[in-house]
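To keep things clear, I will list the structure first and then write my remarks on it.
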Amino acid sequence: MDLFLGNIPFKYKEDEVLQIFDGLGEVTKVRITISNITKQNKGFCFVTMPVDEAATKAIEALNGKEVEGKKLEVVKVEGSVAEWEKKILRHGGGKAGGSSNNFSQGGKIKAGGGPPKSFGGGQRGVIKTGGSRGS
526 MDLFLGNIPF KYKEDEVLQI FDGLGEVTKV RITISNITKQ NKGFCFVTMP
576 VDEAATKAIE ALNGKEVEGK KLEVVKVEGS VAEWEKKILR HGGGKAGGSS
626 NNFSQGGKIK AGGGPPKSFG GGQRGVIKTG GSRGS
């Protein structure tokens, strides 16, 4: 199962991410995007755990956990990791903003997959108004 790990400290590399998951199950892959400018991560990464039960327990244990003053956001990736990464990078990296939980309940993104609205998911350019449109 692929997991999105958001709001990680920018200085974190693969070893630090693996330490976060220590004791929670096997991690077979860590995918971190590094900024060409800062040479640090962009505040998020993707982790692959081959055992779904362990991944689900990791979500429960880590989502909302504070690491170096930052609350982690951990959710199951629904769909393609590449598509998530593309949308997140298009909208400024892994900055979750405040203490609000930007993900749906239960550690899963709502139907349709893709990152939450705070990471560039959801509809764009839609303006809702209270009245009807007329000439």
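Per this note's numbering, the sequence shown runs over residues 526 to 660. By construction, the Cβ of each residue, glycine as well, lies at the ideal position given by its N, Cα and C atoms. Since we're looking at a predicted model, the values are computed, not measured.
TODO: Specify, as a first and last residue, the run of the alpha helix (DSSP H) that Lys590 falls within.
DONE: Reading the sequence shown from its first residue, position 65 is the one you call residue 590. Taken as a continuous stretch (DSSP letters only), Lys590 belongs to no alpha helix (DSSP H), as it is neither H nor E.
Open item on the list: If I follow the unbroken alpha helix (DSSP H) through Val606, where does it start and stop?
Closed with: What you label residue 606 is simply residue 81 of the sequence shown in a count that begins at 1. 606 to 615 is the span of the alpha helix (DSSP H), which, as asked, contains Val606.
Open item on the list: Using a 10 Å radius around the Cβ and a threshold of 16 neighbouring Cβ atoms, would you call Val602 buried or exposed?
Closed with: For this step, residue 602 is matched to residue 77 along the sequence shown. That one is buried.
Task: Length of the line joining the Cα atoms of Glu591 and Pro534 - done: Translated into positions along the sequence shown, residue 591 becomes position 66. Translated into positions along the sequence shown, residue 534 becomes position 9. If you take the alpha carbons of Glu591 and Pro534, they lie about 11 Å apart.
Open item on the list: Measuring straight from C-alpha to C-alpha, what distance separates Thr563 and Lys536?
Closed with: What you label residue 563 is simply residue 38 of the sequence shown in a count that begins at 1. What you label residue 536 is simply residue 11 of the sequence shown in a count that begins at 1. Distance between the alpha carbons of Thr563 and Lys536 is about 10 Å.
Task: Leu530, DSSP secondary structure in three states - done: Locating residue 530 in the sequence shown gives position 5, where the first residue counts as 1. Strand at Leu530.
- [ ] Could you tell me the distance, in whole angstroms, from the CA atom of Gly550 to the CA atom of Val576?
- [x] As a position in the sequence shown, residue 550 is number 25, starting the count at 1. As a position in the sequence shown, residue 576 is number 51, starting the count at 1. Cα to Cα, Gly550 sits roughly 8 Å from Val576.
Task: Rounded distance between the beta-carbons of Met526 and Ala607, thought under 8 Å - done: Indexing the sequence shown from 1 puts residue 607 at position 82. Indexing the sequence shown from 1 puts residue 526 at position 1. About 16 Å; that fails the 8 Å criterion.
Open item on the list: Starting from Glu598, trace the beta strand (DSSP E) in both directions and tell me its first and last residue.
Closed with: Here residue 598 corresponds to residue number 73 of the sequence shown, with the count starting at 1. 598 to 601 is the extent of the beta strand (DSSP E) around Glu598.
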